[in-house]
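In our numbering, the protein residues as written are 6 to 137.
For glycine and all other residues, C-beta sits at the position ideal for the given N, C-alpha and C.
Computed from a predicted structure; not experimentally measured.
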């Protein structure tokens, strides 16, 4: 997803505790996310999080995601590095995609920069694309 968009970024934070590097970069491009052909998010303030052992993930400010497509769930997970994440379902037309979106709303001290950002599971969206 968006492999060609990695360039043109500024580093927001670098983390390497317990030999587990994580880098968060500002994305210089404007990005758009769609699910079921519906635009669900558009931003020029995205971050790209690159974590050892994982695919790169784009994070969108939650303020740039359509609030009418997000429904909080009771699902919570904890990352030993990034903190505690809460999940949302995506509501697209009459379709509900459970736990499709996550937010580190209780980030660890090192990851407060992504506290107001959300990310989408690949299976829940059509993709993320650059826009003008």
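Practice problem: Can you tell me which of the three DSSP states residue 115 falls into? | Solution: helix
Self-check item: Buried/exposed call for residue 68, threshold 16 Cβ in 10 Å
Solution: exposed
Quiz item: Residues in its own chain within less than 8 Å of residue 93 by CB, not counting five upstream and five downstream?
Solution: 75, 76, 77, 78, 104, 105, 106, 107, 108, 123
Quiz item: Who are residue 74's beta bridge partners in DSSP?
Solution: Residue 74 is not bridged to any residue.
Practice problem: Counting only the same chain and skipping the five closest in sequence on each side, list residues whose C-beta sits under 7 Å from that of residue 12. | Solution: Note that residue 12 scores a pLDDT of 46, beneath 50, so its modelled location is shaky and nothing firm can be said.
Self-check item: residue 9 classed as buried or exposed, judged by whether at least 16 other C-beta atoms fall within 10 angstroms
Solution: Residue confidence is low: residue 9 scores 40 on pLDDT, short of 50, so the model does not pin down where it sits. Its coordinate-derived value is still stated next. Classification of residue 9: exposed, given that the 10 Å Cβ count is below 16.
Quiz prompt | As assigned by DSSP and simplified to three states, the class of residue 18 | solution = strand
Quiz item: Less than 8 Å separating the beta-carbons of residue 90 and residue 65?
Solution: no
Self-check item: DSSP three-state assignment for residue 104, whether helix, strand or coil
Solution: strand
Exercise. On a CA-only basis, which of 57, 35, 59, 110 is nearest residue 80? Give me that one, please.
Key: 110
Self-check item: Cβ of residue 111 within 8 Å of any chain E Cβ
Solution: Absent here is chain E; the protein component of the structure consists of one chain.
Exercise. Determine the contact status of residue 63 and residue 133, defining contact as a CB-CB distance below 8 Å.
Key: yes
Practice problem: Report the three-state DSSP secondary structure of residue 110 (helix, strand or coil). | Solution: strand
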